[in-house]
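Positions in the sequence shown are counted from 1; adding 38 to them yields my numbering.
Have a look at the structure below, then the notes.
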Amino acid sequence: MQSDGQAMTSPSVRSTDRAASGRGVPGEEIVGRGSREAARLMRTWFSSLNEAAEQNRKAAYVFTMGNMNEVLRTFDLPIVYPEITSLQTAVRGSAEESLKEAEDYGFSPDICGYVKIDIATQLGGGKHPMGLIPKPSMAVATNACNTYFKWAEVWDRLFDASVVTIDVPNDRAASSRSLPGDDNFKFELAYVKSQVKELIETCERVSGQKFDIDRFRQNLHYANQMSLYWKMLLALNERTPAVFGALTDGTTFLGMANCFRATEEGANYIKDLYEEMEYRSNHGIGAMTRKDGENVPIEQRFRLGFLGVPCYPIFREFNDLFYDWGGVFVTSSYLKFASGGAALGFEFDLDNPIDSFAEGSLLTIRETQTGLLFDFPDIEDKMSPYRLDGIVYHGVKSCRTVSAGLADRRLHKSDSLELPSLMLESDIVDPRVVSKAQMKNRTDAFFEGLIARRQQNQTAGY
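Pasting the structure below:
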């Protein structure tokens, strides 16, 4: 069943002040706790992958959109997210060498940069800036991204990995989806359920373990808890001030939501993170940024929405283009479509786990596809709860799934929303196509327009 959208006032969720007091955690220790714990847990995650690689253990490769973690973790398979390992390479400044290596091997400059970095990593024996990653024994690919299937075929050729494809029916057009209870929805659900069963059979064969339905229920329970608090976390930025930057802090939190989905550590992390952010919201402690080695508050003059994916080669510098003008990203489509379905707030029925998991997969993956193809209603809407001053669209060279039609979409939405917007173009991982000077010129002009618009509205008495 789906969350009714009232989770923010659920009596089962403790207020932060009571929770902090009850656990004896001073406020100064709460602030920044989520970032510190995320850094620790991510080091632990990469260390576990390094250990799995050294022991030559079988591993499962999955993608952020439709990752099927709830099933895979039932079989104790180490899980590798090649998108995350690739973006970490870009953040750490070593992407260009990997991209060139993959292109020399025969991959086109035009294809997904994540793919090329992953291929270079595999050709290099799994060596990565954070250690080693194990080879894939199996891979799960959904149709949430049109590159996933071809990417998984490479692992099949290189390592003879077992590939499971999950084909989820998409919306045929905007506002045309089937609804639970419809005949079409029943057909679609049965189709997805049959593929989930095939995934379970493949996991049994690869791992040598039998499927444990009770452990699967436990994984679903952890996923339910994470989804509840993830949705509530995103909603906190509807308030003023925004308590986290959607592209900086939010991307860190997103990594946790993916890597630790369906685990007790992940569920507890997101719950504690919500506790911290609610505390900050209640005490007026807004989003922070790093300046001269110190955490300083962001001057929040303009509330912005973001559509696209981050520019990882200049991750901090990209955000500083906006922070320097007092612009803060309060929401991002990235935190929705790349969160493994957590943002929808779907709750699995633990009494009917396989059917409910199939339904949740259908609804959440379809929601991802719809947002990428058509719109994100809570961002691209006049009645957005985030009360936006503008929207930034970021197209990237090597991701057609996210970027196709983005410029036209921006023009259409600008007219219908009567909201200022900015179109930027760079890449997710390739520093060779990132022009900081060009992006700065466009960003400066965008903010000059926002300031002029605000002054005109004030003069008119709005």
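All C-beta atoms, glycine included, are put in the ideal place defined by N, C-alpha and C.
Please read all numbers here as calculations on a predicted model, not as lab measurements.
Note the first and the last residue of the continuous beta strand (DSSP E) segment covering residue i.
i	result
M326	M326 to K329
F344	F340 to G346
G365	G365 to S370
S200	S200 to I204
Y424	Looking at the DSSP string, Y424 is not in any beta strand (DSSP E), and its letter there is neither H nor E.
A97	A97 to Y99
Output the boundary residues of the alpha helix (DSSP H) element that contains residue i.
i	result
P458	P458 -> no alpha helix (DSSP H), and no H or E assigned at all.
A90	R71 to E92
V234	D221 to S245
Y312	E302 to N320
A133	A133 to Y143
V334	Premise fails: V334 lies in the beta strand (DSSP E), E332 to P335, not in any alpha helix (DSSP H).
G289	The displayed chain sequence assigns Thr, not Gly, to residue 289. Looking at the DSSP string, the run of the alpha helix (DSSP H) that includes T289 is D287 to C297.
D358	F353 to Y361
S399	P391 to L411
R215	Looking at the DSSP string, R215 is not in any alpha helix (DSSP H), and its letter there is neither H nor E.
L110	N107 to L110
Please report how far the alpha carbon of residue i lies from the alpha carbon of residue j, in whole angstroms.
i	j	result
S459	Q493	17 Å
E397	A445	33 Å
A376	E385	18 Å
A381	L373	7 Å
L170	S136	15 Å
F367	D482	16 Å
D453	F412	16 Å
G322	T278	8 Å
A179	L292	19 Å
G346	T406	13 Å
D393	K231	7 Å
P469	S124	13 Å
V206	S422	28 Å
T203	K329	45 Å
M168	S85	8 Å
K188	G499	56 Å
R210	S216	10 Å
Q93	Q126	23 Å
F484	Y431	12 Å
G443	G144	28 Å
T439	G162	28 Å
Considering only C-alpha positions, which residue in the set the options is nearest to residue i?
i	options	result
E243	D142, I68, M176 and K329	Checking the sequence, you will find Arg at residue 243 rather than Glu. Here the closest residue by C-alpha is M176.
F360	L488, K188, E134 and A190	L488
P429	D389, T82 and H450	It should be noted that the sequence gives Ile, not Pro, for residue 429. I429 has its Cα closest to that of H450, out of D389, T82 and H450.
V192	R95, I157 and F353	I157
P335	C297, E316, G364 and Y350	G364
S245	R491, C297, S200 and K478	S200
N184	G219, A76 and M103	M103
L503	T289, N296, R318 and R253	Only positions 39 to 500 of the chain appear in this structure, which leaves residue 503 out of reach.
Q338	A442, Y229 and A280	A280
I352	D220, L272 and A475	A475
G131	C349, E276, N390 and T289	C349
Near residue i, which residues of its chain fall below 7 Å by C-beta distance, leaving aside the five closest residues on each side in sequence?
i	result
R480	L460 and L462
F197	K173 and P174
A261	E108, R299, A300 and F386
E30	Absent from the structure is residue 30, since the part of the chain shown begins at 39 and ends at 500.
Q263	A305 and K309
M477	L359, L462 and S464
Note down, in chain order, each residue of its chain lying with its Cβ closer than 6 Å to the Cβ of residue i, except the 5 sequence neighbours on either side.
i	result
L111	It should be noted that the sequence gives Arg, not Leu, for residue 111. The residues are N257 and A300.
S436	C150, G151 and D465
G343	T369, I417, L426 and I429
E314	I68, R71 and G72
R52	Caution is warranted here: a pLDDT of 41 is assigned to R52, below 50, making its placement in the model unreliable, and the coordinate value is therefore given only provisionally. Answer for R52: no residue qualifies.
E239	none
T286	N357
Does DSSP classify residue i as helix, strand or coil?
i	result
L170	strand
Y431	strand
P120	helix
M477	helix
A261	helix
S441	helix
A128	helix
V178	strand
K165	strand
F282	coil
S452	helix
E67	helix
L196	helix
F384	strand
E463	strand
Among the residues of its own chain, which have a CB less than 8 Å from the CB of residue i, if the five just before and after it don't count?
i	result
E303	L79
V118	L87, A97, A98, Y99, V100, I171, P172 and P174
D250	T112
E456	K420
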